[in-house]
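> To convert, count from 1 in the sequence shown and add 357; that's our numbering.
The beta-carbon is built from N, C-alpha and C at its ideal position, and this holds for glycine as well.
Have a look at the structure that comes next, please.
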Amino acid sequence: MARQYLLQTYLLRSATHDITLSIYSKREISQSHLIPILLLSAPRWTDVFISIPHISMHTFSAVRGCLHRLNRIHVEYTNGIFVVRAPFSKPKFDAFEYAPLLRSFSINGVCNGVKQMYLPWSQLTTYTAHDWTSTYLDIFKLAPDMETATLQCDDDSEDDVPLPTTYSSHQRLRVLHLREVDESDVVSEGGMVRFLRM
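And the structure:
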């Protein structure tokens, strides 16, 4: 109860100032008494850094449409890297879909996870992730204004994910940091760079 009171007091005293939200937990957070208080401050969030179990992500669904100042999001799943496979069973995560100022998104700890999220891809300029090559190619199509991408490519050949035969053109991409897994079939065929025209 004392923590709730302190958090409410700090948020009240901060008035209308921007908030950088950082949450780190190895345990599921949706039942925490502090979460509803934090979610009420969502319209003031500018930067969000969350490192939580995947199951806790839907806790943030309540802030959908309230993220008017949000510029940057970093999501990391603390329960190890896992793969989201099609067909997708749960509804897509959409809390960050309506964030008019969002420009930077990064995600770690899941492969193919962005297929489970609605994001304002068309306005993103910076993207960082550890994912499959095929997922990145989809993202480049969704994000034509991407200027900076930092990508760690995992091998998706073991999951029989078909790679495209056509190239993707990216006129605005200025910085590409790329790290590919050595044993990947994609690397032996020329790597991800062969799919991009810049």
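For residue 373, is the classification buried or exposed, using 16 other Cβ atoms within 10 angstroms of its Cβ as the cut-off for buried?
Classification for residue 373: exposed.
> How about residue 380 and residue 386: do their beta carbons lie closer than 8 Å?
Yes. Within cutoff.
> Could you round the C-beta distance between residue 501 and residue 529 to whole angstroms and report it? I think they count as a contact, below 8 Å.
Right, their Cβ atoms sit about 7 Å apart.
> Is residue 414 helix, strand or coil when you go by DSSP?
Helix, per DSSP.
> By the DSSP assignment, the alpha helix (DSSP H) with residue 509 in it spans what residues?
It is not in any alpha helix (DSSP H) - residue 509 instead sits in the beta strand (DSSP E) that spans 505-511.
> With distances taken Cα to Cα, identify the nearest neighbour of residue 481 among 405, 364 and 458.
Of 405, 364 and 458, the residue nearest in Cα terms is 458.
> Could you have a look at residue 471 and say whether DSSP puts it in helix, strand or coil?
Note: residue 471 maps to helix in three-state DSSP.
> Measure the beta-carbon distance from residue 511 to residue 468 and round it to whole angstroms, keeping in mind my assumption that it falls under 8 Å.
That pair is a contact at about 6 Å.
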